[in-house]
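By our numbering, the letter at position 1 of the sequence shown is numbered -1, and the numbering carries on one by one without gaps. Note that beta-carbon positions come from the ideal geometry of N, C-alpha and C, so glycine has one too. Quick caveat: nothing in here was measured; it's all calculated off a predicted structure.
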Amino acid sequence: MLILGIETSCDETAVGILEIKKNQVKILSNLVYSQAKIHQKYGGVVPEVAARKHVETILPLIKLSLEEALVSPTEIDLIAVTRGPGLVTSLLVGVETAKSLAYVWQKPLVGVNHLAGHLYSSELGLNRLELRPINFPALGLIVSGGHTELVLMKSHQDYRVIGQTIDDAAGEAFDKAAKLLGLNYPGGPEISRLAKAGDPSAFDLPRPMIKSKDFNFSFSGLKTAVLYKIKNDRLNIKNQQIRSDFCAAIEAAITDVLVEKTIRAAKIFGVKTILLGGGVSANEHLRELLNFRASAELSRIKILLPEIGLSTDNGLVIALAGYYVILNRESGIKNQELRIRENNWRKIKVDPNLEL
Ligand code: KG4
Ligand code: ZN
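Given below as structure tokens:
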């Protein structure tokens, strides 16, 4: 089946077309228009600006995507669109566009949870023709700009959130620390780039809640600690080595907590697979630490990490998550059945606080 995935929950306008036959998968198109440069001068995403840019970009991107995939609208079997969580005005652009297309093209439409897209991102490969199977029960660590969640999955679509951040998300912690250091938005990639030349032990930063028995996270204290170090200790952040050391220490503080809680949850729930997803999953140190600790402490565990190109927001993972929504509903897909529900676009609504 051919699935068109549309993503506009934050500051990326993204469209992907996937062809899935059983567990054989072909990426026909993957277009991402990032607005990061536009928001850089404001130091973060401005919702009004993001929505306007999505409006300008979404239709040309869908047109381009169909052309690149050599697919005509009549051949599309399903449209999948992110309906939450995210910025409401950004979400509305994607959802209303998808509804219009579903109406005009007479196609079924599914509303997808953005976080499910991130959870499934490691199943796909940019140059692989199969989906990497998940062995259940599985544990997903979602680390993005807005979310930090540990999710237990007994099967596809069966999500139980066992822990989440009580304040800032992991990506937000990277972004806020970067802002304090005068680095560009988004700060995560900047910090991780500078951290490569740094020594994390040069600074002692807190690991909030690392010892708490639950699986929740807290990162706002880290931001305060970073601020105090810069202001009170008069850190010379213009000095290249000091800046790199400080970035390495920030990266280590965030990733230590994430990995510690993930490993502990994996042990307690006896999971067979750990899935990593969300923009922060592009962080090399996080990937290495998770792999290292999992192979040292957990036996027969499968670690699925998304390819770097699929870590951040894109339309392909939304198409894939949409596929699992349909698969679960129908347990076996027939295009004929899908066409019957061509009018279902009326029911799809955005929800900026949508939970898994
Ligand atoms: O999933 P995503 O693309 O958008 C949201 O759904 O939020 O995640 C964006 C977040 C930003 O906070 C960004 O700083 C962070 O992912 N990020 C990184 C890296 N690449 C992106 N954080 C740390 N290291 C990276 N290499
Ligand atoms: Zn995301």
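Mark residue i as exposed unless 16 or more other C-beta atoms lie within 10 angstroms of its C-beta, in which case mark it buried.
| i | result |
| --- | --- |
| Thr72 | exposed |
| Glu54 | exposed |
| Leu124 | exposed |
| Phe290 | exposed |
| Lys97 | buried |
| Val102 | exposed |
| Ser63 | buried |
| Ser210 | exposed |
| Pro198 | buried |
| Ser142 | buried |
| Gly320 | buried |
| Tyr40 | exposed |
| Ser119 | buried |
Whole angstroms are fine: how far does the CA of residue j sit from the CA of residue i?
| i | j | result |
| --- | --- | --- |
| Val47 | Ile346 | 24 Å |
| Asn214 | Thr163 | 5 Å |
| Glu121 | Pro131 | 7 Å |
| Thr87 | Ala49 | 6 Å |
| Leu59 | Leu29 | 7 Å |
| Lys61 | Leu26 | 13 Å |
| Lys152 | Lys229 | 47 Å |
| Glu128 | Glu94 | 32 Å |
Within a Cβ cutoff of 8 Å, which residues of the same chain sit near residue i, ignoring the five residues on either side of it in sequence?
| i | result |
| --- | --- |
| Gln334 | Its pLDDT being 46, under 50, Gln334 is placed unreliably by the model, and the measurement read from it follows with that caveat. For Gln334, where only same-chain residues beyond five positions count, there are no Cβ hits under 8 Å. |
| Leu225 | Leu178 |
| Leu287 | Thr253, Asp254, Val257 |
Residues in the same chain with beta-carbon distance under 7 Å from residue i, minus the five sequence neighbours each way, listed in chain order, please.
| i | result |
| --- | --- |
| Leu352 | Arg81, Gly82, Pro83, Asn111 |
| Ile36 | Val47, Lys51 |
| Ile208 | Asp254, Val255, Glu258 |
From the DSSP output, read off the bridge partner residues of residue i.
| i | result |
| --- | --- |
| Ile140 | Glu147, Gly275 |
| Ala317 | Looking at the DSSP assignment, Ala317 forms no beta bridge with any residue, so it has no partner. |
| Lys20 | In the DSSP output, where bridge partners are listed per residue, Lys20 has none listed. |
| Gln162 | Glu147 |
| Ala78 | Gly3, Val108 |
| Phe215 | Thr163 |
| Asn28 | Gly14 |
Since residue i contacts residue j with CB under 8 Å, what's their CB separation in whole angstroms?
| i | j | result |
| --- | --- | --- |
| Gly42 | Gly313 | 23 Å between Cβ atoms; not a contact. |
| Thr310 | Gly277 | 5 Å |
Residues in its own chain within less than 6 Å of residue i by CB, not counting five upstream and five downstream?
| i | result |
| --- | --- |
| Ala100 | Ile77, Leu107, Trp343 |
| Phe172 | Gly185, Gly186, Ile189 |
| Arg205 | Ala251, Asp254, Val255 |
| Gly307 | Leu124 |
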